[in-house]
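Student: Here the sequence shown is numbered in my numbering, starting from 1097 and rising by one per residue. All residues carry an ideal CB built from backbone N, CA and C; glycine is no exception. Bear in mind that the values here come from a model prediction, so they are computed numbers and not experimental data. Sharing a structure here in structure tokens format.
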Amino acid sequence: MKFALRDSALSVVIMVVVLTGSAFAVPVVDGVFDLIEWDGYYVTDDGVGRYGYVGPGYGGQEFDVEYMGLRIVGNTVYFGLQTGFDLVNGSQGFAPGDFAIDVDGDQVYDYAINFSISGSAVTYTLYENPVWEDVVYSQHNISNPFRNVGGDIIDTFFFDTGYGSGIFPNNIDGGVSHVLEGFFDLSALDLHSGGDILLHWTMECGNDYLQVTGVVPEPTSLAMCGAGLLGLLIGRRRLRK
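Here is the structure:
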């Protein structure tokens, strides 16, 4: 009986480890927006429409924002972007924008992330109290904000392989796509009070944009589940005695 209980308890522990391992698997920062790694934590654009419409503007795949991911695991915020827009040189005289973060759901973006790309390496700078510039075309104001031009630097973080470009199989419209990935500590967002986080990105013209919501998980939920399963198992064994 003792061996049976021990083996059953070990099975529960293994199951909990598998569950938590799956729940806490995270995207790899390698400059490739892998849909398996981001599964369940990304949004995708509706692609390129007639006459190159990407919404709210036109321009074809060159201005299409294809994917955006946001995942929060413990105290770490993972983010990713894939777009047809050239994140290094811009496109047709328009510059890439900064990431905008809303931490309290009021549609006011409390933080900005600027990026500087050198080869595959990326340096990100996180700003609090950003000063936002809008997109250049007023008819594309749904894409606002575009770029931060002020604020206070609160963190910088660097990745050797945070940027990548190429023709990726997840791009149904063809053409070259550009990818940014990275992560930072959730604790850096001192205005965050525990709710969901919204991430937004667009380019200077605002031809297209994407935003994705990241849910802050309960850190002990899976551990409590495992403890509950083990407790239930022990309780059942006691009832059988």
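Return the residue from the list Pro1226, Gly1156, Tyr1154 that minimises the CA-CA distance to phenylalanine 1195.
Tutor: For the purposes of this step, residue 1195 is taken as the residue at position 99 of the sequence shown. Of the listed residues, the one whose Cα sits closest to phenylalanine 1195 is Pro1226.
Student: DSSP three-state call for alanine 1196: helix, strand or coil?
Tutor: Indexing the sequence shown from 1 puts residue 1196 at position 100. The answer is strand: DSSP assigns alanine 1196 an E or B state.
Student: Roughly how many angstroms separate the alpha carbons of phenylalanine 1211 and valine 1218, rounded to a whole number?
Tutor: Numbered from its first residue, the sequence shown carries residue 1211 at position 115. Numbered from its first residue, the sequence shown carries residue 1218 at position 122. Those two C-alpha atoms are separated by around 7 Å.
Student: Quick one: residues in its chain with C-beta nearer than 6 Å to the C-beta of leucine 1328, no 5 flanking neighbours on either side, listed in chain order?
Tutor: As a working mapping, residue 1328 is identified with position 232 in the sequence shown. Because the pLDDT at leucine 1328 is just 42, under 50, the model does not fix this residue reliably, and the point stays unresolved.
Student: Relative to the C-alpha of glycine 1170, which candidate in Asn1244, Ile1197, Phe1279 has its C-alpha closest?
Tutor: Counting from one through the sequence shown, the residue named residue 1170 turns up at place 74. Ranking the options by Cα distance to glycine 1170, first place goes to Phe1279.
Student: Ignoring anything shorter than 3 residues or poking outside the segment 1205-1229, list the beta strand (DSSP E) runs there in chain order.
Tutor: Counting whole runs of 3 or more residues, the segment 1205-1229 contains the beta strand (DSSP E) stretches 1207-1214, 1217-1224.
Student: Identify, in the order they occur along the chain, each residue of the same chain with its Cβ nearer than 7 Å to the Cβ of glycine 1324, setting aside the five sequence neighbours on each side.
Tutor: By 1-based counting over the sequence shown, the position of residue 1324 is 228. Below a pLDDT of 50, predicted positions are generally treated as unreliable, and glycine 1324, at 49, falls in that range; the measurement from the model is reported next regardless. Nothing listed; no residue qualifies.
Student: Curious, which full-length beta strand (DSSP E) runs of at least 3 residues does the segment 1253-1308 contain?
Tutor: As far as the segment 1253-1308 is concerned, its whole beta strand (DSSP E) runs of at least 3 residues are 1259-1262, 1273-1281, 1293-1298.
Student: Can you tell me the Cα-Cα spacing of glycine 1117 and histidine 1236, whole angstroms?
Tutor: Against the sequence shown, residue 1117 aligns to sequence position 21. Against the sequence shown, residue 1236 aligns to sequence position 140. Because glycine 1117 sits at a pLDDT of 46, beneath the cut-off of 50, its placement in the model cannot be relied upon, and the following sentence gives the value as read from the coordinates. Going by the C-alpha atoms only, they are around 42 Å apart.
Student: Glutamate 1224: which of Glu1314, Tyr1138, Ala1121, Ile1197 sits nearest, CA to CA?
Tutor: Start at 1 with the first residue of the sequence shown, and residue 1224 comes out as number 128. Minimum Cα distance to glutamate 1224 is reached at Ile1197.
Student: According to DSSP, simplified to helix, strand and coil, what is glutamate 1158?
Tutor: What you label residue 1158 is simply residue 62 of the sequence shown in a count that begins at 1. Correct three-state label for glutamate 1158: helix.
Student: What do you get for threonine 1252, buried or exposed, if any count of 16 or more other CB atoms within 10 angstroms of its CB means buried?
Tutor: Within the sequence shown, residue 1252 is the residue found at index 156, counting from 1. Threonine 1252 comes out exposed.
Student: Given 8 Å as the limit, is there contact between the segment 1153-1162 and the segment 1292-1309, that is, 3 or more CB pairs closer than that?
Tutor: Segments in contact, yes.
Student: Nearest by alpha-carbon distance to glycine 1310: which of Tyr1154, Pro1192, Ala1208, Gly1165 is it?
Tutor: On the sequence shown, position 214 is the one that residue 1310 refers to. Comparing Cα-Cα distances from glycine 1310 to each of Tyr1154, Pro1192, Ala1208, Gly1165, the minimum goes to Gly1165.
Student: My understanding is that tyrosine 1239 touches valine 1231, with C-beta atoms under 8 Å, so please give their C-beta distance in whole angstroms.
Tutor: Counting from 1 along the sequence shown, the entry for residue 1239 is found at position 143. Counting from 1 along the sequence shown, the entry for residue 1231 is found at position 135. The displayed chain sequence assigns serine, not tyrosine, to residue 1239. So it is a contact: roughly 5 Å between Cβ atoms.
Student: For glycine 1290, collect the residues of the same chain with a Cβ closer than 8 Å to its Cβ; drop the 5 residues on either side in sequence, then sort them by chain order.
Tutor: Taking the sequence shown and counting its residues from 1, the one referred to as residue 1290 is at position 194. For glycine 1290, where only same-chain residues beyond five positions count, the Cβ hits under 8 Å are Val1312.
Student: If you drop the 5 nearest sequence neighbours on each side, which residues of the same chain put their C-beta closer than 7 Å to that of threonine 1140?
Tutor: Within the sequence shown, the letter at position 44 stands for residue 1140. Same-chain partners within the cutoff: Glu1162, Tyr1163.
Student: Do you know whose CA, among Gln1203, Trp1228, Gly1127, Gly1189, lies nearest glycine 1155's CA?
Tutor: Locating residue 1155 in the sequence shown gives position 59, where the first residue counts as 1. Looking at the Cα atoms, Gly1189 is the closest of the given residues.
Student: For phenylalanine 1129, which residues in the same chain have their Cβ closer than 6 Å to its Cβ, ignoring the five residues on either side in sequence?
Tutor: Here residue 1129 corresponds to residue number 33 of the sequence shown, with the count starting at 1. These residues qualify, in order along the chain: Tyr1163, Gly1176, Gln1178, Val1275.
Student: Where DSSP assigns a beta bridge to serine 1187, which residues make up the other side?
Tutor: Against the sequence shown, residue 1187 aligns to sequence position 91. In the DSSP output, where bridge partners are listed per residue, serine 1187 has Phe1190.
Student: Consult DSSP for glycine 1148 and reduce its assignment to one of helix, strand or coil.
Tutor: On the sequence shown, residue 1148 is found 52 positions in, with the first residue counted as 1. Helix, per DSSP.
Student: Would you check if the distance between the CB atom of tyrosine 1264 and the CB atom of valine 1125 is smaller than 8 Å?
Tutor: Counting from 1 along the sequence shown, the entry for residue 1264 is found at position 168. Counting from 1 along the sequence shown, the entry for residue 1125 is found at position 29. Here residue 1264 turns out to be phenylalanine, not tyrosine, going by the sequence shown. No, the pair does not count as a contact, with Cβ atoms beyond the cut-off.
Student: Figure out for me which residue from Gly1145, Gly1186, Val1122 has the closest Cα to the Cα of glycine 1136.
Tutor: Translated into positions along the sequence shown, residue 1136 becomes position 40. Ranking Gly1145, Gly1186, Val1122 by Cα distance to glycine 1136 puts Val1122 first.
Student: For arginine 1167, count the other beta carbons within 10 Å of its own beta carbon; 16 or more makes it buried, fewer makes it exposed. Which is it?
Tutor: The residue labelled residue 1167 in the question sits at position 71 within the sequence shown. By the neighbour-count rule (16 or more Cβ atoms within 10 Å), arginine 1167 is buried.
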